[in-house]
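Numbering-wise, the working numbering comes out as the position in the sequence shown, counting from 1, plus 16.
Backbone N, C-alpha and C define an ideal beta-carbon position, used for all residues, glycine too.
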Amino acid sequence: MGDRTHVPDKLEGYLLQVRHALFELISFDDRVVSIEAIDDVAIETESEIIAEQTKSVLSSNNPSSNKAVVFWKTIYNWCKYIKDGMIDPKRMTLKYLIVSSHYLSIGSIAQSFAAARTEDEAERALEDARNELFDGESVEPNVSDECKLYVKYCFAAENKDIFTKIIMSLVIEIHEDSYDAELENKFAKQAIPPEYKDELFFAMLGWVQERIHQFTKENKPAYISSEEYRKELYKEIRGRDIRSILSAVSTEPNDAETGIEVKRHDTYIKQLEFISLDTTGIFEAASDYLRTKSEITLWSEKGLVSNHSFKAYDDKLKRIWDLEKRSNERIEYDDDIQKGQALYIKCQKEALNQKLQDSEVPCFFGSGRLHSLANEPSNKPEIGWHSNYVKLLEEQDKDG
């Protein structure tokens, strides 16, 4: 998906439950995906309920080993859910999803459970597990104290029928350092503009996270329908329709990057100092300038905008500057600084409404292009704000 260099770092900001909720929402069938309702993540359709326990593994711990506490706690919880009527055993699939940063070997008990599909196979798997965990006729399993409660409950005689149904419904899915790539590939297979794949991907991840957050603030489990997801995705796609808007594909420079740009003291920064623009305004200008440069590069690489269109856009801005400058000459100001500030504000305002290739552009773009025009050539820029900007630049050059 586009430039992959930034994707892993960005994905780390989204919890596995958020990412997996998105994974399950990418579907053509009508479903409701819940988070922390029936289970970590659950999928409900008219005919089926899939309850999913999600485990992220970065250490040497193996959540599928024979005596893993989290494995037996999951089985225990599923038993409780069925007993409490939260899950209909006739409609259920139980998934144990592991996302690992390294290779994991599935424990023999988990393997036998996942392979059993008939009642006879499930009962044999259950008996094999008992032989592995209990010594002879002992009623105490040979596991840690933390795990003992869960194992004893699962193997209690009164729970055998439920435990057997769980084994028959169990699916174990392990992703070894591949889950995020699988998620991105699944997302990319939807009918979305290829030039905006990355932006749409992170927009929808952010949307899922925000929807979950909204429910969490109300202390409720989150429920998101696939229909709701599709509507939001189409809205995001329409918002990036190249026929009506050129959406930003760059990221906003951080404070450190903007500070470095200001310290470079390029010509356009000097021009702003000539009209005594405050520090906030100068930092905003540097941010607009940097992001616009990045945007032009990315739009060009994606083939969204031609060089001819960029030139035509700049020509419009230069004409706006020239007209506003002439208009400004007819107005009395206290001094050239005040006059320059007025010209700057008028041009900034007009730039907001200018289209590129008959498409709207992000709000920072017009400002960024004005600063580019006020920056080159450095000895005599094409536009300026102070009435004597060329002379002032020459004097600065002489002073070194």
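In the DSSP assignment, find the unbroken beta strand (DSSP E) run with residue i in it and report its ends.
i      : result
Thr70  : Ile65 to Val73
Val57  : Val57 to Glu60
Val49  : Val48 to Ile51
Tyr239 : Ala238 to Ser241
Going by DSSP in three states, residue i sits in which element: helix, strand or coil?
i      : result
Asp25  : Its pLDDT being 43, under 50, Asp25 is placed unreliably in this model, and the value from its coordinates should be taken loosely. DSSP places Asp25 in helix when its eight states are reduced to three.
His438 : The first residue shown for the chain is 17 and the last is 416, placing residue 438 beyond what the model contains.
Ser375 : strand
Glu268 : coil
Trp337 : helix
His402 : coil
Val32  : In the sequence on display, residue 32 carries Leu and not Val. Leu32 falls in the helix class under three-state DSSP.
Arg385 : helix
Asp19  : Since pLDDT at Asp19 reaches only 40, below the 50 mark, its modelled position is unreliable, and the value read off the structure follows with that caveat. Looking at Asp19 - three-state DSSP - the assignment turns out to be coil, as it is neither helix nor strand.
Leu368 : coil
Ala197 : helix
Asn323 : helix
Ala173 : helix
Ala84  : coil
Asn344 : helix
Phe203 : helix
Ile253 : helix
Glu392 : coil
Ile54  : coil
Ile276 : helix
Phe380 : helix
Glu410 : helix
Phe39  : helix
Tyr245 : helix
Ile208 : coil
If distances are taken between C-alpha atoms only, which option among the options comes closest to residue i?
i      : options                           : result
Tyr92  : Val48, Phe171, Asp136 and Glu135  : Phe171
Leu262 : Leu408, Val115, Ser322 and Val377 : Val377
Leu32  : Arg47, Asp196 and Leu386          : Asp196
Glu289 : Phe39, Tyr360, Lys318 and Glu317  : Tyr360
Lys106 : Gln69, Thr296, Glu62 and Lys83    : Glu62
Asp144 : Ser160, Lys205 and Ile183         : Ile183
Ser185 : Leu216, Tyr305 and Glu139         : Glu139
Phe203 : Asp177, Lys355, Leu216 and Val167 : Leu216
Asp55  : Glu300, Asp45 and Ile103          : Ile103
Ser160 : Pro209, Ala131 and Val86          : Val86
Ser43  : Ser242, Asn323, Ile208 and Tyr250 : Ser242
Val57  : Thr70, Arg47 and Asp46            : Thr70
Asp100 : Cys163, Arg133, Asn175 and Glu153 : Asn175
Ser375 : Gln354, Ser394 and Ser322         : Ser322
Lys83  : Lys96, Cys163 and Ser154          : Cys163
Lys362 : Glu273, Trp401 and Ala390         : Trp401
Ala108 : Ile178, Glu137 and Leu74          : Going by the sequence as given, residue 108 is Met instead of Ala. Checking every option, the nearest Cα to that of Met108 belongs to Ile178.
Below 8 Å, is the gap between the Cβ of residue i and the nearest heavy atom of the ligand FAD?
i      : result
Lys332 : The ligand content of the structure shown is nil, which means the ligand FAD is not present either.
For the alpha helix (DSSP H) that contains residue i, what are its first and last residues?
i      : result
Ser160 : No alpha helix (DSSP H) holds Ser160; DSSP gives it neither H nor E.
Met184 : Lys176 to Ser185
Ile312 : Thr295 to Glu317
Ala219 : Lys213 to Lys233
Tyr284 : Thr283 to Phe290
Hey, residue i and residue j: beta-carbon distance below 9 Å or not?
i      : j      : result
Ile65  : Gln127 : no
Gly382 : Leu314 : no
His191 : Ile114 : yes
Asn404 : Asp350 : no
Tyr239 : Ser50  : yes
Ile336 : Gln370 : yes
Ser266 : Arg227 : no
Thr232 : Pro397 : no
Lys286 : Gln373 : no
Glu268 : Met220 : no
Tyr169 : Leu41  : no
Arg385 : Tyr329 : yes
Phe218 : Asp304 : no
Trp88  : Tyr166 : yes
Leu149 : Thr180 : no
His36  : Glu68  : yes
Leu120 : Trp94  : no
Q. In the stretch 89-169, which residue ranges form an unbroken beta strand (DSSP E) of at least 3 residues, counting only runs that do not cross its ends?
A. You should have 108-116.
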